[in-house]
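Comments concern the structure below.
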Amino acid sequence: MKTYKVNVIGLGYIGLPTAALLANKGFDVHGVDVIKNVVDTINRGEIHIVEPDLDTFVKAAVKSGKLKADLKPEKGDVFIIAVPTPFHKSGYEIPTPNIDYVLSATKSIAPYLEEGNMVILESTSPVGTTEKISEILKKLRPDLFDENDNSKIFIAHCPERVLPGKIMQELVENDRIVGGLTFDATKKVAEFYKTFVNGEVLETDAKTAELSKLVENSYRDVNIAFANELSMICDKFGINVWELRELANRHPRVNILYPGVGVGGHCIAVDPWFIVSDAPKEARLIKTAREVNNYKTEWVIEKIKNEILKFEKEYNKSPKVACMGLAFKPDIDDLRESPSLYITQKLANEGFNVLAVEPNIEKLPGLNLVDYEFAINEADIITFLVSHKEFKNLQLPENKTILDFCGVL
Ligand SMILES: NC(=O)c1ccc[n+]([C@@H]2O[C@H](COP(=O)([O-])OP(=O)(O)OC[C@H]3O[C@@H](n4cnc5c(N)ncnc54)[C@H](O)[C@@H]3O)[C@@H](O)[C@H]2O)c1
């Protein structure tokens, strides 16, 4: 098998597993991060993020000498960029992608590039970002482009679609999309992925690869928005959405997803904006889906507040409100962009008496976390925000108001 010396720029949830996997495959891997503590932790054979099996891979990779972490890149054959691509939340009418980390990672590798190298963008990116990498390199390293502007390096996008919790497995098993800026770049980079991916490596151009990743997450967002919208329509008509969903899904070509309290996580709640901000007139459905999913979260807050008001009128005192689940989806500890955390914090910040429950987390600054059994006993109003396994089959007191927004009951 052909072997490569690989620089991985950005050693987070994507970069570190990739670096460790490649090193265990026998490649010489030079991992780069801007945070010294990350570099030092990895060089001790330890990890700074939680992901099953990653510790074993990193330990073995560092021990064998195949993985070294550093604050700076080195010369090599392949440069993988796996840095964050968040969005600018405020100051813009539509959230706008922030590709500053990608641009600065590109600048950092420029001095080390040599003819024949591959530069691969793995970060989820707005359409045209791979081209921007080429433009930056053209300015910084004109020697890597001929008089007709043809590149002597191979630049491509290969989006990552692994599921946290299964990253080590999915890095190998998932199909990958490789989109080069040129035909040769696509071929060369696809050849590299085929050395460690068991899934199919699908070839296209850079822009199509960029949009395919954004579209995958937008597709999910739109379908969840339909379920969330339906839950609000059902509520208006006094219809049980869970029953309705089951009945409608008996149609052979209908598959309505589960409604919830909104959409969270750093992918589905973020990536659709990358399309909307660049194609605002065309991406109407995608934009509306984002708005519907965000609106569902505010709607849930209003529903809870209405119940609080009812309780106050009836008993002439403030109720204790149990918020069951803070993570952005069931059975994980990830709070990024989590709508249930937002709901809980908003209620607490407005002075309501909140009992916050998240069985997957021990401590959380700003919120007093309590055990779920304690919360159920203490609360006057119990709201289910995330269908964690601990909340299934609970014996609930009959004299309390129960709001199930996630279908856990
Ligand atoms: N985490 C996931 O499940 C997942 C799944 C698919 C795609 N993605 C995409 O992959 C990309 C990376 O995400 P992540 O979850 O690994 O992010 P992360 O925040 O976990 O890690 C990114 C790392 O890059 C480092 N970094 C930032 N700028 C740098 C620079 N200029 N040079 C070197 N290091 C730098 C940071 O210090 C950090 O350690 C994002 O575009 C994300 O959308 C993530």
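Each step along the sequence shown adds one to the number in our numbering, with nothing skipped, and position 239 is 226.
No residue lacks a Cβ here, since even glycine has one placed at the ideal position from N, Cα and C.
GLU190 sits close to VAL165, with the two beta carbons spaced by under 8 Å.
HIS17 counts as buried, since no fewer than 16 other beta carbons sit within 10 angstroms of its beta carbon. Shown here, ILE(-4) sits in a strand according to DSSP, grouped into three states.
Within the same chain, SER305, PRO306, VAL308, PHE339, ILE368 come within 8 Å of ILE295 by CB-CB distance, once the 5 residues on both sides are set aside. Between LEU127 and ALA97 the beta-carbon gap is near 4 Å, inside 8 Å, which marks them as a contact. If you check the C-beta of SER327 against ligand 1, you find no heavy atom less than 7 Å away. Residue environment for PHE170: exposed (fewer than 16 other C-beta atoms within 10 angstroms of its C-beta).
In the structure shown, the three-state DSSP call for LYS307 is strand. Beta-bridge partners assigned by DSSP to ILE226: none are found.
A residue is called buried once 16 or more other Cβ atoms fall within 10 Å of its Cβ, and GLY353, having fewer, is exposed.
Annotation: the segment 84 to 129 contains the following complete segments of the beta strand (DSSP E) (minimum length 3 residues), in chain order: 105 to 108. Out of ILE123, ASN161, LEU351, VAL395, the CA that lies nearest to the CA of PHE371 is found in VAL395. In this structure, CYS221 keeps its C-beta atom at 8 Å or more from the C-beta atom of TYR180. Of PRO71, GLU80, GLU101, TYR99, the smallest CA-CA separation from LEU108 is found for PRO71.
By the neighbour-count definition (other C-beta atoms within 10 Å, threshold 16), PHE298 is a buried residue. The closest CA to that of ARG271, considering only LYS290, VAL209, ASN242, LYS12, is found on VAL209. Between ligand 1 and GLU147, a heavy atom-to-CB distance of less than 7 Å is present. According to the DSSP assignment, ASP27 belongs to the alpha helix (DSSP H) that extends over 23 to 30. Distance from the CA of ILE348 to the CA of GLN156, rounded to the nearest whole angstrom, comes to 25 Å.
Here DSSP, grouped into helix, strand and coil, assigns ARG207 to helix. For the options LEU201, VAL248, ARG237, TRP229, the alpha carbon positioned closest to that of ALA212 is the one of VAL248.
Distance from PRO129 to VAL250 at the Cβ level is roughly 44 Å; contact not present, criterion being Cβ atoms closer than 8 Å.
DSSP places PHE74 within a strand segment (E or B) once states are collapsed to three. According to the DSSP assignment, GLU160 belongs to the alpha helix (DSSP H) that extends over 154 to 160. The C-alpha of LEU3 lies about 43 Å from the C-alpha of ASN364. For ARG163 and GLU147, the gap between their C-alpha atoms comes out near 8 Å.
In the assembly as shown, VAL241 is an exposed residue. Its beta-carbon has fewer than 16 other beta-carbons within 10 Å. Counting C-beta atoms within 10 angstroms of its own C-beta, SER205 has 16 or more neighbours from the protein chains shown and is therefore classed as buried. Distances from the alpha-carbon of LYS50 to those of ALA10, GLU345, ASN(-6), ILE262 put ALA10 closest. By the neighbour-count criterion, in which 16 or more other beta carbons inside 10 Å mark a residue as buried, ARG31 falls on the exposed side. In this structure, the CA atom of LYS139 is about 29 Å from the CA atom of PRO84.
In the DSSP assignment, ILE67 falls within the beta strand (DSSP E) that extends over 65 to 68. Per DSSP, ASP391 is one residue of the beta strand (DSSP E) stretching across 388 to 391.
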